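Have a look at the structure below, then the notes.
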Amino acid sequence: MLSSGMETEMLILWIGLGAAAFYFLQARIYGRFWDRGLAARLFFSAQSITEGERCFLSEQVENRKSLPLPMLKVKFQVSRKLRFEDEGDSAVTDQYYRNDILSLGPRQRVTRRIPFCCRARGYYRIDGLDLVASDLFLSREMVKRVAEESVLYVYPRPARGASLDAAIRRLNGEILAKRHLLEDPFEYRGIREYAPFDEPRSVNWKATARTGDLMVNLRGYTALRAARIFLNLDDRGIWKRQELLELCIRIAARIAQELLRQGIRTAVFCNARDVLTGEVMRLAPGAGAGHMEQLNRSFARLDLEKEAVSFEEAFGEELEADGRDTATLFLSAQTDEDFQRLLERISRSGVEFTWMCPLFARMESDVAQPERLHFIRLDAEEMLDE
């Protein structure tokens, strides 16, 4: 017979052997089956929003097996321009690196909605995420890459400011004047009462006889069926003026919005490259809410990290096109001599245009012939404070 001391030693031995067997068994089981039935996805609460707005990133993880996951890390990276309210276990360098830790029981799904604010216009994409799991004893880590793409368009916030409002009223006045100069005699829009400035040939004698009042025909307009915005985001200075370039995009978004609201078909040309295609922005005239959506998406994808293409090189044909039936607007914070010479040549060709230029109060415009170049200075500080 064994003594009580030996029995205790044997019990401890068997417990130790059992624990070791359990440790190696669970390690083998987790090593083989931990990612079976494990799914994860990231998705934004909206496809597109405007800069400065609040949005949510949903993080959904599902364990479809009976094996629990005591600790699971969800790791991904996104642009640091998306400011998360709950930073969690994360690091911010050139990118925002997030590391969320959770626990999943058998056949359990966990969904987290992470709020954030979009600080800047842009095209944001999460290419995938990493799942890092541990066994029951947290003694090892196992990693799985999930190819999950999530995309968010952040549209530019339309610029606001008294100087811009005045410039838009002036532009609208020029557009209105140009429209009334070229009526279409073949497009009939209705009749109205005679006014002193009406020409005798516009009198509708049948309607006059029927109503007893002098009535005239309303004609449509062939002129100004479209407007075009040339957005110059070239920046050749020693000091990069990112703030002014972003402001030019916001001004273009505001003016395009105003023109489309009036039913004017609007085209936009920009010499910055598209972050997806690498091509310059070239959108033909269009109208309606769908066209504004297309413009906003193109604005969001403009890449200011890469050098812009020469404005004349990018849009030589468009600049030389006859613009008599089109309102032409140049938006540029760049006032170098090459750009001024380009506008002077366009002015000599007879094309009517307006040049809007946002600058800070301390900056000199360096525009030699502001009247000839139809130069309008905008208050950049005022618009950035809005």
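Following the working numbering, the numbering of the sequence shown begins with 194 at its first residue and continues without gaps.
Beta carbons: idealized from backbone N, C-alpha and C, even for Gly.
A quick note: this is a predicted structure, and the numbers were derived from the prediction, not measured.
Selected residue, minimal CA-CA separation from P393, among V409, T404 and A400:
Ranking V409, T404 and A400 by Cα distance to P393 puts V409 first.
For G509 and L275, I'd like the C-alpha separation in whole angstroms.
Spanning the two alpha carbons is a distance of roughly 37 Å.
Outcome for P349 when other beta-carbon atoms lying within 10 angstroms are tallied against a minimum of 16
With 16 or more other Cβ atoms within 10 Å, it is buried.
In angstroms, rounded to a whole number, what distance separates the CA positions of I319 and S343?
Going by the C-alpha atoms only, they are around 5 Å apart.
Below 8 Å, can you find three or more Cβ-Cβ pairs linking the stretch 446-457 to the stretch 467-476?
Segments in contact, no.
For the beta strand (DSSP E) containing D323, list its first residue and its last residue.
Residue range L322 to S327 is occupied by the beta strand (DSSP E) that includes D323.
Mind the definition here: the stretch 520-539 touches the stretch 547-564 only if three or more C-beta pairs lie below 8 Å; say whether that holds.
A contact exists between the stretch 520-539 and the stretch 547-564.
Counterpart residues of N397 in DSSP-defined beta bridges:
Beta-bridge partners assigned by DSSP to N397: none are found.
Our contact map puts K138 next to N292 with C-beta atoms below 8 Å; I'd like the distance itself, whole angstroms only.
Nothing about residue 138 can be read from this structure; the chain reaches only from 194 to 579.
Can you tell me the Cβ-Cβ gap for F249 and I307, rounded? I've got them flagged as a contact below 8 Å.
Indeed they touch by this definition, with Cβ atoms about 7 Å apart.
Three-way DSSP call (helix, strand, coil) for E510 in this model:
Shown here, E510 sits in a helix according to DSSP, grouped into three states.
Roughly how many angstroms lie between the CA atoms of A402 and V396, to the nearest whole one?
Just so you know, the alpha carbons of A402 and V396 end up roughly 11 Å apart.
Expressed to the nearest angstrom, what Euclidean distance is found between the alpha-carbon atoms of I569 and R447?
Near 16 Å, if we compare the C-alpha coordinates of R447 and I569.
Neighbourhood of R490 by C-beta, 7 Å cutoff - its chain only, sequence neighbours within 5 removed
Here the set comprises Y346.
Does DSSP put A239 in a helix, in a strand, or in coil?
Looking at A239 - three-state DSSP - the assignment turns out to be coil, as it is neither helix nor strand.
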